[in-house]
Structure formats: C-alpha cells, structure tokens
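Below: the structure, in structure tokens.
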Amino acid sequence: MTYTAARVVAALFLALTGWVASRAVMAQMDELQNFGLFEYVNTALGAAVGWVVIGSRTGRGMSNAVGVGITAAVVLTFWGLFVQSAREMVIMANRRLYDGPLEALIGMFGIGIDFFLQTMTPSVVAALLFGGVLSAVFAESASRRWL
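Residues 1 to 147, numbered by the numbering used here, are exactly what the sequence shown covers, in order.
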C-alpha cells in the first residue's frame, strides 16, 4: 500500500463528510437519545473508506472522480449502518431479547433496515453525496499536484 497525498486528502475529507452526515442524523433524531460514540465511529469510518475507496482510485481523471465519490458515499453509508446496527444488536442481545445467535444476526439486518429508513432524509443523502464527490475531486486534484 502506497502512502500518497491523495489518500490523505481523501481520508480527511471523507472523515469530515462522515462527521457532517452524523450531525445531520443527530439533528433529526430525538433530543433525549444517547448517541455515545456515534460521531467518532462514523468519522473514523469515513477516514478508512476515503483512504481505501477513493485513495486507491485517484489518477484516472475528474469525470471518474465523480463516480468514485458516489461509490465512496454508498460504501460509507453501508459500513455506517452495519456498525451501528451491530452495536444496537449487541445491546439488545445483552438484554436477552434474542433466543440465540442466529436470531440476533437476523435481527441485526432488521435493525439496519430500520436505521436506513429513519436516517436517509434528503439532508443526510445530500451531505453524503456532496461530501463524497467533493472528497474524490479534491483527492484527484491532490494526485495531480503532489503525485
């Protein structure tokens, strides 16, 4: 794995996108809900997805960067929903709400679908898509400038 400026730029900007999208989700939820490490986890996921998804696909042109940015936004959404639904499943499993591990895994997918339907509002989708495309465009610019 090569360490390039484009990977760093992609990681930083997609981490910022993860944080902004987390804030948009938190703004539409109940004020009494405890989010815990929600922002930090999604920010770290954004950095990882930016490094791997966007950073590995730089140097192919600006038109390709738009598609890569949309792909990164979708991948960030998937991993964010997966991690947050897994966390919720573990909390519910500790309360003995499942009869077995298979039921808990199946329940995790139901939780993920519920989270998806609750959180995918126009403001969150716009933040993810705009941030993903902007991250990829900036990473592409960095790959041209700093190789």
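Just so it is clear, CB atoms sit at the ideal spot from N, CA and C, and this is done for glycine as well. Nothing here was measured: the structure is a model prediction, and the numbers come from that model.
_Just to confirm my understanding: we take A11, look at its own chain, exclude 5 residues before and 5 after, and list those with CB closer than 6 Å. What are they?_
A47, G50 and W51
*Where do the ends of the alpha helix (DSSP H) carrying L37 lie?*
That residue, L37, is in no alpha helix (DSSP H); it is neither H nor E in DSSP.
*Under three-state DSSP, which class holds E31?*
coil
*N- and C-terminal bounds of the alpha helix (DSSP H) containing I54*: It is not in any alpha helix (DSSP H) - I54 carries neither H nor E in the DSSP assignment.
*Would you say V9 and A139 are within 8 Å of each other, going by their C-beta atoms?*
yes
*asked:* What would DSSP say about D114, mapped onto helix, strand or coil?
replied: helix
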